[in-house]
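Student: Sharing a structure, written as structure tokens. Questions coming.
Residue numbers (this note's numbering): 39 to 342.
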């Protein structure tokens with residue numbers, strides 16, 4: 039449902055001596071109206087990123103919701119996990135700084151919406167097919183051929199990737215890698231305007247919800263650029279038979295010409311010696327086909 043979240047709250051006073059105790063890095067500048075303003079950056083094992091500006095008394099934090107709850111972001115969170123997450127954040131801030139922040143006071147500056155689709159061994163096919171198209175007002179780029187496709191602009195992005203390959207490359211624990219097999223991961227980073235259109239004040243209590251997840255995910259899925267839903271050649275089979283690629287190319291070319299011009303047409307195209315060879319080759323090769331890819335839908339995603 040959600041992964042990384044960045045949120046802030048204003049008018050929070052933290053004792054200077056506590057800030058100095060946890061401070062990782064700080065910098066100060068002079069404001070003509072208010073005098074010296076200091077920004078403190080802090081790290082914590084539970085909340086990895088925290089920033090506090092003493093002038094405005096603004097606290098900003100960034101954390102992965104599933105990592106805080108489960109220790110990894112392969113497992114998707116449930117709606118019932120959301121209040122538990124905010125409770126744990128509050129408990130940790132109370133331990134660190136002795137402050138209490140109400141759930142409804144947090145405002146979102148970044149929220150990564152995510153969805154896991156179990157597509158078996160077809161993750162690469164989805165990435166390859168979608169990377170051929172474009173989403174409205176976004177550029178397209180892909181990485182590692184069939185691992186990741188990204189649709190992006192300056193303010194937002196949509197990424198689909200093979201979670202298994204990503205976990206292996208990151209050298210995640212074996213149990214996590216096994217859990218990620220067959221998962222096509224969708225991650226959406228909505229723009230500031232996307233969130234404001236849903237709720238003007240961008241409060242966490244309105245955005246970190248199942249209804250916002252459904253709203254932004256459905257909107258994104260409807261805009262994915264699928265190509266024509268036809269049978270495709272199995273890419274894995276091609277890799278396994280790449281030594282015979284020349285024969286496969288010849289077979290595919292002959293099959294296409296035969297389908298276009300029928301038996302009577304190909305007799306006029308091929309010589310009397312070549313045509314029997316092509317027919318013999320066609321009998322030797324059987325290319326396994328796969329059905330066209332099914333459009334991704336929220337109902338097919340795996341929650342929890």
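Positions of the beta carbon are idealized from the N, C-alpha and C atoms, including for glycine.
Only counting runs of 3 or more residues, tell me where the beta strand (DSSP E) segments fall wholly within the region 176-229, in order along the chain.
Tutor: Whole beta strand (DSSP E) segments, 3+ residues: 177-181, 186-190, 195-200 and 221-227.
Student: So, is residue 51 buried or exposed, given that buried needs 16 or more other C-beta atoms within 10 angstroms?
Tutor: Here residue 51 corresponds to residue number 13 of the chain shown, with the count starting at 1. Under this definition residue 51 is an exposed residue.
Student: Going by the beta-carbon positions, is the gap between residue 189 and residue 176 smaller than 9 Å?
Tutor: Position 151 of the chain shown, counted from the start, is the residue given in the question as residue 189. Position 138 of the chain shown, counted from the start, is the residue given in the question as residue 176. Taking 9 Å as the Cβ cut-off, residue 189 and residue 176 qualify as a contacting pair.
Student: Return the chain-ordered ranges of every alpha helix (DSSP H) run that is complete within the region 122-175 and spans a minimum of 4 residues.
Tutor: For the region 122-175, whole alpha helix (DSSP H) runs of length 4 or above, ordered along the chain, are 161-168.
Student: Where does residue 172 land, buried or exposed, given buried means 16+ other C-beta within 10 angstroms?
Tutor: The residue you call residue 172 lines up with position 134 of the chain shown. Exposed.
Student: In this structure, does DSSP put residue 293 in helix, strand or coil?
Tutor: In the chain shown, the residue the question calls residue 293 occupies position 255. The answer is helix: DSSP assigns residue 293 an H, G or I state.
Student: To the nearest angstrom, how far is it from the Cα of residue 196 to the Cα of residue 301?
Tutor: Residue mapping note: residue 196 aligns to position 158 of the chain shown, counting from 1. Residue mapping note: residue 301 aligns to position 263 of the chain shown, counting from 1. If you take the alpha carbons of residue 196 and residue 301, they lie about 47 Å apart.
Student: How many Å lie between residue 274 and residue 295 at the Cα?
Tutor: Translated into positions along the chain shown, residue 274 becomes position 236. Translated into positions along the chain shown, residue 295 becomes position 257. Rounded to whole angstroms, residue 274 to residue 295 spans 25 Å at the Cα level.
Student: If we ignore side chains and look at the alpha-carbon of each, how far apart do residue 350 and residue 159 end up?
Tutor: Summary: the structure shown does not reach residue 350, with the chain confined to residues 39 through 342, and so no result is reported for it.
Student: Buried or exposed: which applies to residue 119, given that a residue is buried once 16 or more other Cβ atoms fall within 10 Å of its Cβ?
Tutor: For this step, residue 119 is matched to residue 81 along the chain shown. Buried: at least 16 other Cβ atoms inside 10 Å.
Student: Give me the Cβ distance between residue 78 and residue 87, rounded to the nearest whole Å; I'm assuming they're in contact under 8 Å.
Tutor: Within the chain shown, numbered from 1, the residue matching residue 78 stands at position 40. Within the chain shown, numbered from 1, the residue matching residue 87 stands at position 49. The pair is not a contact, with the Cβ atoms about 12 Å apart (cut-off 8 Å).
Student: Nearest to residue 75 by CA position, among 126, 186 and 93, is which residue?
Tutor: Translated into positions along the chain shown, residue 75 becomes position 37. Nearest C-alpha to residue 75: 93.
Student: Going by the C-beta, is residue 173 closer than 8 Å to any heavy atom of the ligand HEM?
Tutor: In the structure on display, the ligand HEM does not appear, and there are no ligands present to speak of.
Student: Okay, do the region 219-231 and the region 120-128 touch, 3+ Cβ pairs below 8 Å being the bar?
Tutor: Taking 8 Å as the limit for Cβ pairs, the verdict is that the region 120-128 does not touch the region 219-231.
Student: Bridge partners of residue 47, per DSSP?
Tutor: Numbered from 1 along the chain shown, position 9 holds the residue referred to as residue 47. Residue 47 is bridged to 97.
Student: Can you list, in chain order, the residues of its chain whose CB lies under 7 Å from that of residue 139, leaving out five sequence neighbours each side?
Tutor: Position 101 of the chain shown, counting from 1, holds the residue named residue 139. Contacts found: 47, 50, 128 and 131.
Student: Near residue 57, what residues of its chain come up, given a Cβ to Cβ distance below 6 Å and the 5 sequence neighbours on each side ignored?
Tutor: By one-based count along the chain shown, residue 57 stands at place 19. Cβ within range, chain order: 78.
Student: If contacts are defined as beta-carbon pairs under 8 Å, then residue 167 and residue 331 qualify, I think. What distance do you get, rounded to the angstrom?
Tutor: Start at 1 with the first residue of the chain shown, and residue 167 comes out as number 129. Start at 1 with the first residue of the chain shown, and residue 331 comes out as number 293. Their Cβ separation, rounded to whole angstroms, is 6 Å, which keeps residue 167 and residue 331 in contact under 8 Å.
Student: Classify residue 311 as helix, strand or coil using the three-state DSSP reduction.
Tutor: Numbered from 1 along the chain shown, position 273 holds the residue referred to as residue 311. Residue 311: coil per DSSP, three-state reduction.
Student: Put residue 264 into one of helix, strand or coil per three-state DSSP.
Tutor: Walking along the chain shown from the start, residue 264 turns up at place 226. Of the three classes helix, strand and coil, the one that applies to residue 264 here is coil, per DSSP.
Student: Given a cut-off of 9 Å on the beta-carbon distance, is the pair residue 180 and residue 112 in contact?
Tutor: Looking up residue 180 in the chain shown gives position 142. Looking up residue 112 in the chain shown gives position 74. No, the Cβ-Cβ distance between residue 180 and residue 112 is not below 9 Å.
Student: Would you kindly report the start and end of the unbroken beta strand (DSSP E) that includes residue 280?
Tutor: Your numbering for residue 280 matches position 242 in the chain shown. Here residue 280 belongs to no beta strand (DSSP E), and DSSP marks it neither H nor E.
Student: With residue 105 as the anchor, note down where its beta strand (DSSP E) starts and where it stops.
Tutor: Within the chain shown, residue 105 is the residue found at index 67, counting from 1. Note, residue 105: premise wrong, no beta strand (DSSP E); alpha helix (DSSP H) at 103-108.
Student: For residue 207 and residue 150, what's the separation of their Cα atoms in angstroms?
Tutor: Taking the chain shown and counting its residues from 1, one reaches residue 207 at position 169. Taking the chain shown and counting its residues from 1, one reaches residue 150 at position 112. Approximately 21 Å, taken between the alpha carbons.
Student: Between 313, 250 and 193, which has its C-alpha nearest residue 231's C-alpha?
Tutor: Reading the chain shown from its first residue, position 193 is the one you call residue 231. Residue 193 is the option with its Cα nearest to residue 231.
Student: Could you check what DSSP says for residue 333 in three-state terms: helix, strand or coil?
Tutor: In the chain shown, counting from the first residue as 1, residue 333 sits at position 295. Looking at residue 333 - three-state DSSP - the assignment turns out to be coil, as it is neither helix nor strand.
Student: Check residue 233 in the structure and name its three-state DSSP category.
Tutor: Within the chain shown, the letter at position 195 stands for residue 233. Helix, per DSSP.
Student: If distances are taken between C-alpha atoms only, which option among 309, 316, 310 and 304 comes closest to residue 289?
Tutor: One-based indexing of the chain shown puts residue 289 at position 251. The residue with the shortest Cα to Cα distance from residue 289 is 316.
Student: For residue 121 and residue 82, I'd like the C-alpha separation in whole angstroms.
Tutor: Position 83 of the chain shown, counted from the first residue, corresponds to residue 121. Position 44 of the chain shown, counted from the first residue, corresponds to residue 82. The alpha-carbon atoms of residue 121 and residue 82 are separated by roughly 21 Å.
Student: Measure the alpha-carbon distance for residue 260 versus residue 250 and round it to whole angstroms.
Tutor: Counted from its first residue, the chain shown places residue 260 at position 222. Counted from its first residue, the chain shown places residue 250 at position 212. Computed Cα separation, rounded: 16 Å.
Student: Leaving out five residues on either side along the sequence, give the residues of the same chain with a beta carbon under 6 Å from the beta carbon of residue 258.
Tutor: Here residue 258 corresponds to residue number 220 of the chain shown, with the count starting at 1. Taken in chain order, the residues that qualify are 196 and 226.
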